[in-house]
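**Q** My questions all concern the structure below.
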Amino acid sequence: DGGITQSPKYLFRKEGQNVTLSCEQNLNHDAMYWYRQDPGQGLRLIYYSQIVNDFQKGDIAEGYSVSREKKESFPLTVTSAQKNPTAFYLCATQLDRGNTEAFFGQGTRLTVV
Amino acid sequence: QQQVKQSPQSLIVQKGGISIINCAYENTAFDYFPWYQQFPGKGPALLIAIRPDVSEKKEGRFTISFNKSAKQFSLHIMDSQPGDSATYFCAASVTGNQFYFGTGTSLTVIP
Chain A
430 DGGITQSPKY LFRKEGQNVT LSCEQNLNHD AMYWYRQDPG QGLRLIYYSQ
480 IVNDFQKGDI AEGYSVSREK KESFPLTVTS AQKNPTAFYL CATQLDRGNT
530 EAFFGQGTRL TVV
Chain B
5 QQQVKQSPQS LIVQKGGISI INCAYENTAF DYFPWYQQFP GKGPALLIAI
55 RPDVSEKKEG RFTISFNKSA KQFSLHIMDS QPGDSATYFC AASVTGNQFY
105 FGTGTSLTVI P
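As you go down the protein sequences, you meet chains A and B in turn. The numbering of the first sequence is our numbering, which starts it at 430 and goes up by one. The numbering of the second sequence is our numbering, which starts it at 5 and goes up by one.
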């Protein structure tokens, strides 16, 4: 929120399809993150990126892919290899990884139909 | 394994009461402990945070209590209001590294 835009807000995917979630920021933050939120499980880290053209796997990266071609953008692709993709996906940024506060977007709710 | 354990899962409090949410951690290298507030359909927002060199931090009606020896920290919401009804997440990190979040507490404040 306040500089982090996630789109779409709601997304429906058929089984076997890849879908891409958008995250754009105008905060000039170096670090960007993707989290998955499931009821009763908190937020789990999927991927993160500290600089352009570099990203690292988080705790649950299987079935997901990312790119960081521009500082402002960090799209997440949910591939058909992700067996249980229905969840609320949150993008977050930090000024840099040494700076502590994380700012979150409004989220995208993905549903497999 | 859960790096940060949070309890209770849900909490119902009367208006004007005190809401208390607890978290525990194992990694003594953690040096930053934030609490996030999340309303339905929205992203979490930072509420208050503490570092382990202090035992308590207060911002308005919100207080973090930190017990380094017990590896526990808690959020206290004084004079709870219906507008405080939300999900609260504790988290911990080593500066420069990823956050580990608790599983969340759904707080309902009854008018």
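Ideal Cβ positions, reconstructed from N, Cα and C, are used throughout, including at glycine. All values derive from a computational prediction rather than experimental measurement.
(1) Nearest to serine 478/A by alpha carbon, out of Phe503/A, Tyr464/A, Leu472/A, Cys452/A?
(2) Would a C-beta distance cut-off of 8 Å place leucine 505/A and leucine 440/A closer than the cut-off?
(3) If you draw a straight line from the C-alpha of serine 78/B to the C-alpha of threonine 109/B, how long is it?
(4) Distance check for isoleucine 81/B and serine 23/B, CA to CA, integer angstroms please.
(5) Among the candidates Leu474/A, Gln470/A, Leu450/A, Tyr462/A, whose CA atom is the shortest distance from the CA of serine 11/B?
(6) Whole angstroms is fine: what's the gap from threonine 32/B's alpha carbon to lysine 75/B's?
(7) Please list, in chain order, the residues of the segment 41–53 of chain B that have any C-beta partner in chain A closer than 8 Å.
(8) Determine the contact status of isoleucine 68/B and tryptophan 39/B, defining contact as a CB-CB distance below 8 Å.
(9) Go through its chain and collect everything with a Cβ distance to valine 541/A's Cβ below 7 Å, but skip five positions before and after it.
(10) Put glycine 471/A into one of helix, strand or coil per three-state DSSP.
(11) Per DSSP, asparagine 71/B is paired with what?
(12) Of the choices Cys520/A, Gln535/A, Gly536/A, Tyr464/A, whose alpha-carbon is the least far from that of isoleucine 475/A?
(13) Helix, strand or coil for aspartate 88/B per DSSP?
(14) Please list, in chain order, the chain B residues whose beta carbon lies closer than 8 Å to that of glutamate 530/A.
**A** Here's the rundown:
(1) For this step, residue 478/A is matched to residue 49 along the first sequence. Taking only the C-alpha atoms, the option nearest serine 478/A is Phe503/A.
(2) For this step, residue 505/A is matched to residue 76 along the first sequence. For this step, residue 440/A is matched to residue 11 along the first sequence. No, the pair does not count as a contact, with Cβ atoms beyond the cut-off.
(3) For the purposes of this step, residue 78/B is taken as residue 74 along the second sequence, with counting starting at 1. For the purposes of this step, residue 109/B is taken as residue 105 along the second sequence, with counting starting at 1. If you take the alpha carbons of serine 78/B and threonine 109/B, they lie about 12 Å apart.
(4) What you label residue 23/B is simply residue 19 of the second sequence in a count that begins at 1. What you label residue 81/B is simply residue 77 of the second sequence in a count that begins at 1. Distance between the alpha carbons of serine 23/B and isoleucine 81/B: 5 Å.
(5) The sequence position of residue 11/B within the second sequence is 7, counting from 1. Nearest of Leu474/A, Gln470/A, Leu450/A, Tyr462/A to serine 11/B, Cα basis: Gln470/A.
(6) Your numbering for residue 32/B matches position 28 in the second sequence. Your numbering for residue 75/B matches position 71 in the second sequence. Going by the C-alpha atoms only, they are around 8 Å apart.
(7) Close to chain A, meaning a Cβ-Cβ distance shorter than 8 Å, are the following residues of the segment 41–53 of chain B: Gly45, Lys46, Gly47, Pro48, Ala49, Leu50, Ala53.
(8) In the second sequence, counting from the first residue as 1, residue 68/B sits at position 64. In the second sequence, counting from the first residue as 1, residue 39/B sits at position 35. Contact: yes.
(9) What you label residue 541/A is simply residue 112 of the first sequence in a count that begins at 1. Non-local beta-carbon contacts of valine 541/A in its own chain, meaning distances under 7 Å to residues more than five positions away in sequence, involve Arg442, Glu444, Pro514, Thr515 in chain order.
(10) By one-based count along the first sequence, residue 471/A stands at place 42. For glycine 471/A, the three-state secondary structure derived from DSSP is strand.
(11) Looking up residue 71/B in the second sequence gives position 67. In the DSSP secondary-structure assignment, asparagine 71/B is bridged to Gln76/B.
(12) Along the first sequence, read from residue 1 onward, the residue named residue 475/A stands at position 46. Considering only alpha carbons, the answer is Tyr464/A.
(13) Numbered from 1 along the second sequence, position 84 holds the residue referred to as residue 88/B. In the structure shown, aspartate 88/B sits in a helix (DSSP, three-state: H, G or I).
(14) The count along the first sequence starts at 1 and reaches residue 530/A at position 101. What glutamate 530/A touches in chain B: Pro38, Leu50, Ala53.
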